[in-house]
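Step one of this worksheet: look at the structure below.
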Amino acid sequence: MTRIDDLPVRDELRGQSPYGAPERDAPVHLNVNENPFPLPEPLVSAMAERVREVAAGLNRYPDRNAWELRAGLAGHVTRAAGHPVDARQVWAANGSNEVIQQLFQAFGGPDRRALGFEPSYTMHALIARTTGTAWISCPRDEGFGIDLRAAREVLGEERPHLVLITSPNNPTGAAVPAETVVELYEAAQEARPCMVVVDEAYGEFSDRPSLVPLVEGRPHLVVTRTMSKAFGAAGLRVGYLVADPAVVDAVQLVRLPYHLSSVTQALGLVALEHSDTLLAYVEQLRTERRRVVGELTAIGYDVDASDASFVQFGPFADTHRAWQAVLDHGVLIRDNGVPGRLRASVGTPAENDAFLRAARAVRKERTAGAGTPR
């Protein structure tokens with residue numbers, strides 16, 4: 025059989041694997057940070073009716089600028105962040121991953137560099153590679169925070185064109201303070217005009233306010249967000265950014281025409297119309313997160329502070345073996361490659377109960393095994 029490497033693919037793609045979490049059969053899946061609550065029936069009915077309306081016009085291309093959806097997103101962000109946002113400051117695409125890819129296409133590319141603080145969201149480095157952008161990794165400190173002194177040194181030496189900051193950070197969980205983002209933004213501008221992108225995919229789950237207000241007066245700052253997590257609409261694939269209108273203009277230079285279907289735009293608007301109902305689940309997940317953190321700690325695990333819809337915990341001498349042990353108890357979680365740590369999404373109360381039983385059993389098995397960490 026012909027393999028990928030037998031094809032004339034770009035050198036940097038040889039030997040690589042597609043991004044994605046391992047898929048395994050298990051009664052409980054807590055590995056990809058989905059909102060575990062299905063959409064309520066009234067919303068499902070409203071979406072079905074809206075699709076019927078849109079279907080009559082599917083012979084026509086969608087609004088390539090998605091103005092109505094962007095206006096709806098601007099209104100949502102204005103209310104959520106407590107800061108006025110205009111539709112001209114918002115751009116939407118198929119998930120925040122496509123938004124970030126478009127930012128790399130516009131501001132990265134060959135002979136350009138992007139910097140991120142790792143461990144963090146692995147798609148940032150992968151998007152850098154697929155756009156021909158050199159990737160620079162700045163390690164986080166032992167507590168998974170950003171060492172500002174080290175960051176300043178790397179920024180001065182590497183002079184990147186893009187800086188990625190994930191807040192709350194995936195997979196470690198903690199949000200980045202606003203003052204840290206401001207300091208990084210200012211340091212990044214000292215060497216050259218540099219775009220600073222704050223990935224706020226899990227922002228609604230944090231007790232800290234959104235970083236969207238920082239965009240004002242900072243034309244090189246971008247905040248990306250998504251409807252996949254807090255809105256429980258991962259299958260809808262709507263992500264967006266908030267930035268200076270000039271950034272939106274720049275991104276439109278690289279976007280594909282009609283990239284958001286009429287159905288996607290219509291369903292995104294329906295979800296926004298029901299935002300109060302959907303975002304009510306966020307508080308339930310916050311409550312469950314606190315419970316999971318408390319019980320994992322009581323079991324004897326070291327749990328990292330989390331502002332997101334997941335928790336990272338350990339330590340494990342062999343993370344893959346520990347991951348398999350949890351899976352053997354019927355719960356699929358995530359090994360993100362962070363030494364000594366695993367990550368579990370916060371699920372429904374029943375799912376979290378199953379996870380905690382598995383975590384307790386694995387801990388007991390480890391203790392019974394002559395204290396050998398698994």
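In my numbering, the protein residues as written are 25 to 398. We put the beta carbon where it would ideally sit given N, CA and C, even for glycine. Just so you know, these numbers come straight off a predicted model, no measurement behind them.
- Taking one beta carbon from each stretch, the region 380-395 and the region 348-357 have 3 or more pairs nearer than 8 Å; the two touch.
- Taking C-beta atoms as the reference points, H185 and M219 count as a pair closer than 8 Å.
- Here K253 is buried. Its C-beta has 16 or more other C-beta atoms within 10 Å.
- Of the candidates Y85, L82, N83 and D110, the residue whose Cα lies closest to the Cα of A95 is D110.
- For the options Y145, P269, A270 and K388, the alpha carbon positioned closest to that of E224 is the one of Y145.
- In the DSSP assignment, V68 falls within the alpha helix (DSSP H) that extends over E65 to A79.
- Taken in chain order, the whole beta strand (DSSP E) runs of length 3 or more contained in the region 118-170 are 137-142 and 158-163.
- Restricted to the region 189-227, the beta strand (DSSP E) segments that are unbroken, complete and at least 3 residues in length are 219-223, listed in chain order.
- Contact between R249 and S120 holds, with the beta-carbon distance rounding to 7 Å and staying under 8 Å.
- Between T157 and A130 a beta carbon distance of about 11 Å is seen, past the 8 Å cut, so the two are scored as non-contacting.
- In the structure shown, D273 adopts helical secondary structure according to DSSP, grouped into three states.
- Annotation for S299: the continuous alpha helix (DSSP H) segment containing it runs S299 to I323.
- Sequence-distant partners of V287 (beyond 5 residues in either direction) whose C-beta falls short of 7 Å from its own C-beta, in its chain, are V75 and V78.
- Following the DSSP letters along the chain, one finds Q348 in no beta strand (DSSP E) but inside the alpha helix (DSSP H) bounded by residues T343 to D352.
- Closest by C-alpha distance to Y305, out of F229, R345 and V271, is F229.
- A residue is called buried once 16 or more other Cβ atoms fall within 10 Å of its Cβ, and H100 is buried on that count.
- The three-state secondary structure of F334, taken from DSSP, is strand.
- For L265, the enclosing beta strand (DSSP E) covers residues G263 to V266.
- Between V236 and V247, the beta carbon gap of about 5 Å places them in contact (Cβ cut-off 8 Å).
- Under the three-state reduction of DSSP, H244 is assigned to coil, being neither helix nor strand.
- Its Cα nearest to that of L284, the residue L93 stands out among M25, L93 and D377.
- Apart from the 5 residues on each side of it in sequence, A45 sits with its Cβ closer than 8 Å to the Cβ of N55, V56 and R358 in its chain, given in chain order.
- For the 8 Å CB-CB criterion, G338 and R365 form a contact.
- For I160, the closest of T196, L188, D87 and S330 by C-alpha to C-alpha distance is L188.
- By the 16-neighbour rule on beta-carbons within 10 angstroms, R390 is buried.
- Per the DSSP secondary-structure output, L37 pairs with nothing in a beta bridge.
- A residue is called buried when at least 16 other Cβ atoms come within 10 angstroms of its Cβ; I151 meets this threshold and is buried.
- Cβ contact annotation for A258 (same chain, cutoff 6 Å, sequence separation greater than five): E58 and S252, in chain order.
- In this structure, the beta-carbon distance from Q336 to R367 falls below 8 Å.
- The C-alpha of N194 is placed about 31 Å away from the C-alpha of E65.
- For L93, there is no enclosing beta strand (DSSP E); the enclosing alpha helix (DSSP H) has its first and last residue at W91 to A105.
- The C-alpha of E203 lies about 27 Å from the C-alpha of R136.
- Counting the other Cβ atoms within 10 Å of the Cβ of I28 gives fewer than 16, which makes it exposed.
- Contact between Y264 and R88 fails: their C-beta atoms lie close to 16 Å from each other, not under 8 Å.
- S369 sits in a strand when the DSSP states are folded into three classes.
- For G256, there is no enclosing alpha helix (DSSP H), as DSSP marks it with neither H nor E.
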